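Q: Okay, handing you the structure first.
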Amino acid sequence: MLRLPKFEVKNPATAEEAVAMILEIEGDARFIAGGTDLNPNMKHGLFAPERVIALNGIGELQGIRLDEDGSMRIGAMATLAEVTKHAELNQFYPALCQAAKLVSGPQLRNMGTLGGNVMLDTRCQWYNQTYFWRKSLGYCMKKDGSKCHVVEGGSKCVAAASNDTAPALMTLNAELEFVTTEGRARLPIADLWQADGIWNKKLPHTALLVAIHLPKPAANSHGAYGKLRDRGSVDFPLFGIAARLNFGSDGTIEDAALCAVALQARPWPLKKAASLLIGTHPGKDDFNDAVEKVANLAAKQCRPMPNIPGDHEYRHLMVPVFTRRTLHAAASDEGPVHHV
Amino acid sequence: MRVFRLHVNGDPVEVAAPEHWTLLEVLRYQLGLTGSKQGCDKGDCGACTVLVDGTPTLSCLSLAATVEDQQITTIEGLLPAHRAAGGEGADPLQESFDESGALQCGFCQPGMILSAKALLAENPDPSAAEIKESLAGNLCRCTGYTQIYEAVLAAAKADMHAAISTDSAKEVQS
C-alpha cells in the first residue's frame, strides 16, 4: 500500500485562478492533470505538496480543435486517448498520435493528458523508487541527497526525459501556450527544455500549460514514432525517436525533422542527421543510402546512459535500428515502430 | 476531511474522507467496496480499474476530489445493473469468466472484467487482437491470459446471440 502525503485539493474554474492558487501559499503546491505521473511520484515521496490544484474543471484546457488559420489547438487536458483517436491529428500529425498510442496502457491513456506528458518529470532508475528504497541507497541529487549514481562524481542530474510525445511535438514545431503571473505567453517547444534532470524545463512548475498548438501541416507531410521498450504495454521508452518528412510534389523530401528521447534530461533533436534526407526520393536508392547515414550519425549523437532501466549498451545498439525503421515507416506511412 | 459527493454504481453517495485520498481508498475503506483491488498502487497493474463515465480508469491514481461529477462503476455494480435491465444471473462477462475458468487467484479479475465491459460497450464484436489490446493495462500474475481472452470473446458472442435472438423474436412478433 502506497499512501499519498496529506494535502488540500483546490478545484479552480479558470487558468488564471489556478495560477493564483499555486502561488498564494508559501509551501509547495502542484498542478494535477491526469495524475498518472504526479500521483505515483507523490506516493514515492518524491513530492510532498501542501496543496494540489486539480485542472479538470478548467474549460479552456479541454478539447481539440482546428483553428481558422489551419493550425490545431490541443487543450492541455486532452487525454492521450483523445489524441490517439482524433481523425485530423492522425491524418496530419501521425507521429504525435503514434507516440500517444504507445504511452503506457489503455487506462493510463484514458487518464493521462498531452499537457501532462509534455510536463512529465524526468525519470531515473535511482529516483523513481519508493522512499524506503531510496533511503537504503542514500538518496540521489534529484531528491533528498547529493550524489549521482549514474555518473560517478557527476555534478549534474542526468535523469532522462521519458515523454513519448515530446519528440513528436518537437518535429512538428509545436508551440506551448502558458499562463503565468505575467499573463499568457507562447513558447516554441524547442525552447522549453534545459539540460538539468532535476527540472528539465526553463519555466517553473508554477507556469500552467493550457494548450499545445500545432502549425498548419505542409501539404504532403508524413511521420512516424519508434519506441524501444521491454513490454508491449505499460512501459516508459528505453529509447524513442520521432520523424517528420515533408514530400514535394515530385516525391522529393523537401524538409525533414528527427528527435530522440529517453537519453538525457531533454529531448534530443537530430538536425544534422535529418538534413541528410533532404533532396532524396523515398522508395529509391538515394533515400535508402541517406537513411543508413542518418542511422549511423544518430548512433554517434545519441549516447544512452545507465540512467533508466535497460542495459545502456543494448539501448545504444538499438539507436540506429530504430532510427532506420522509423524513417522507413514515416516514408511509407507504416508507423509506429515497436518490437513487441 | 472533505465530504465527497460521488455517484457510485448508479447511486448518489455522500462520503467523508481525507481530502488527499484516492478514489480507490474511498471505495475500499469508506464505502466497503473492496472489489476494486489495491495491487501495485502506482498504476502498473490495473487491478484497481473502475469505470468513470464508462471509461476504464485507475482508481489508485485518481483523487476522489476529481471525480465528483462523474458516474463511477465498480465490479459490485455490474450484477445489479444487469438485473435492473431485466437480465438474469450475473453480467454476461461475469458469467463468461466463470464458465471459461478465466481466473486463478482472481485478484486481477474485477479490473479485467471492467476493462472488457468498456470494450464491449464500444465494440460489441471485437477481434482477438482488439481484446488483447484493450486488456493491455491489466496484469494477471498467474498469467492466465488465454482463458481471459477467451472469456471476453465468449461474452461478446453471447451478447450478440442474445441481441440477435431478441431482434428475431421482435421480427416474429411483428
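Listed in order, the protein sequences are those of chains A and B. Take any residue in the first sequence, count from 1 to its spot, add 148: that is its number in our numbering. Take any residue in the second sequence, count from 1 to its spot, add 15: that is its number in our numbering. Backbone N, C-alpha and C define an ideal beta-carbon position, used for all residues, glycine too. Since we're looking at a predicted model, the values are computed, not measured.
Going by DSSP, which residues form a beta bridge with Val30/B?
A: Per DSSP, Phe19/B.
Q: One question on the structure: do Ala446/A and Leu425/A come within less than 9 Å of each other, judged by their Cβ atoms?
A: Their beta carbons are not under 9 Å apart, which means Ala446/A does not touch Leu425/A by this criterion.
Q: For Arg334/A and Glu325/A, what's the separation of their Cα atoms in angstroms?
A: C-alpha separation (whole angstroms): 4 Å.
Q: I'd like to know if Ser381/A contacts chain B, where contact means its C-beta is closer than 9 Å to some C-beta of that chain.
A: Cβ-Cβ to chain B under 9 Å: yes for Ser381/A.
Q: Beta strand (DSSP E) containing Val157/A: first to last residue?
A: Where Val157/A is concerned, the enclosing beta strand (DSSP E) stretches over Glu156 to Lys158.
Q: Please tell me whether Glu34/B has its Cβ less than 9 Å away from any Cβ of chain A.
A: By this cut-off, Glu34/B is an interface position.
Q: In the DSSP assignment, find the unbroken alpha helix (DSSP H) run with Phe470/A in it and report its ends.
A: Where Phe470/A is concerned, the enclosing alpha helix (DSSP H) stretches over His460 to Ser480.
Q: Do Ala408/A and Ile360/A come within 9 Å of each other at the CB atom, strictly closer than that value?
A: Not in contact: Ile360/A and Ala408/A (Cβ atoms no closer than 9 Å).
Q: By the criterion of Cβ-Cβ separation under 9 Å, what are the contact partners of Pro139/B in chain A?
A: Ordered by position in chain A, no residue passes the 9 Å Cβ test against Pro139/B, which lies about 18 Å from the chain.
Q: In this structure, what does DSSP give as the bridge partners for His486/A?
A: Paired residue(s): Lys375/A.
Q: Strictly by DSSP, which residues pair up with Val327/A?
A: BP columns for Val327/A point to Arg332/A and Leu356/A.
Q: Buried or exposed: where does Val23/B fall if 16 or more other Cβ atoms within 10 Å of its Cβ makes it buried?
A: Burial call: buried.
Q: So the beta strand (DSSP E) Thr227/A belongs to, where does it begin and stop?
A: It is not in any beta strand (DSSP E) - Thr227/A carries neither H nor E in the DSSP assignment.
Q: In this structure, what does DSSP give as the bridge partners for Cys407/A?
A: Note: Cys407/A sits in a beta bridge opposite Ala390/A and Pro417/A.
Q: Enumerated in chain order, which unbroken segments of the beta strand (DSSP E) with a length of 3 residues or greater are wholly contained in the stretch 40 to 102 of chain B?
A: Listed in chain order, they are 64 to 67, 70 to 73 and 86 to 88.
Q: What residues in its chain sit with their C-beta under 6 Å from that of Ala229/A, if we drop five residues either side in the sequence?
A: Cβ within range, chain order: Arg257 and Asn258.
Q: Measure the CB-CB distance between Ile206/A and Val358/A and report whether it falls below 9 Å.
A: Taking 9 Å as the Cβ cut-off, Ile206/A and Val358/A qualify as a contacting pair.
Q: Could you check if Ser284/A is buried or exposed, using at least 16 other CB atoms within 10 Å of its CB as the buried criterion?
A: Under this definition Ser284/A is an exposed residue.
Q: So, at 6 Å on beta carbons, what are the nonlocal neighbours of Val28/B in its own chain, with the 5 sequence-adjacent residues on each side left out?
A: Contacts found: Leu21.
Q: Round the Cβ separation of Arg271/A and Ser303/A to the nearest angstrom and send it over; I've been treating them as touching at under 8 Å.
A: Not quite, the Cβ-Cβ distance comes to about 20 Å (not below 8 Å), so this is no contact.
Q: For the stretch 229 to 247 of chain A and the stretch 214 to 221 of chain A, state whether three or more C-beta atom pairs, one from each stretch, are separated by less than 8 Å.
A: Because the criterion of three Cβ pairs below 8 Å is met, the stretch 229 to 247 of chain A and the stretch 214 to 221 of chain A touch.
Q: With 16 other CB atoms within 10 Å as the buried threshold, where does Pro468/A fall?
A: When all chains shown are included, Pro468/A counts as buried.
Q: Quick one: is Ile173/A buried, meaning 16 or more other Cβ sit within 10 Å of its Cβ, or exposed?
A: Burial call: exposed.
Q: When you compare the CB of Leu256/A with every CB in chain B, is at least one pair closer than 9 Å?
A: So, interface residue.
Q: So Glu165/B and Ser130/B are in contact, right, with Cβ under 8 Å, and what is the actual spacing, rounded?
A: That pair is no contact at about 15 Å.
Q: If we ignore side chains and look at the alpha-carbon of each, how far apart do Asp383/A and Gly458/A end up?
A: Distance between the alpha carbons of Asp383/A and Gly458/A: 11 Å.
Q: Among all the DSSP beta bridges, which residues are the ones paired with Thr319/A?
A: DSSP lists no partner for Thr319/A.
Q: Between the stretch 70 to 94 of chain B and chain A, which residues of the former have a C-beta closer than 7 Å to a C-beta of the latter?
A: Per Cβ criterion, the list reads Thr70, Pro71, Thr72, Leu73, Leu76, Ser77, Leu78, Ala80 and Thr81.
Q: Tell whether a beta-carbon distance below 9 Å holds between Gly152/B and Pro71/B.
A: Cβ distance < 9 Å, so Gly152/B and Pro71/B count as in contact.
Q: Give a yes or no on whether 9 Å exceeds the smallest Cβ distance from Pro153/A to chain B.
A: Closer than 9 Å: yes.
Q: Phe489/A bridges to which residues according to DSSP?
A: Outside the displayed span of chain A (149 to 488) sits residue 489/A, for which this structure offers no information.
Q: Have a look at the DSSP bridge pairing and note the partners of Ala177/A.
A: Beta-bridge pairing links Ala177/A to Arg199/A.
Q: Could you pull out every residue in the same chain whose Cβ sits closer than 7 Å to the Cβ of Ala166/A, ignoring the five residues on either side in sequence?
A: Excluding positions up to five away in sequence, the list reads Pro160, Phe179, Ile201, Leu203, Ile206 and Leu356.
Q: Using a beta-carbon distance below 9 Å, is Lys291/A in contact with chain B?
A: Closer than 9 Å: no.
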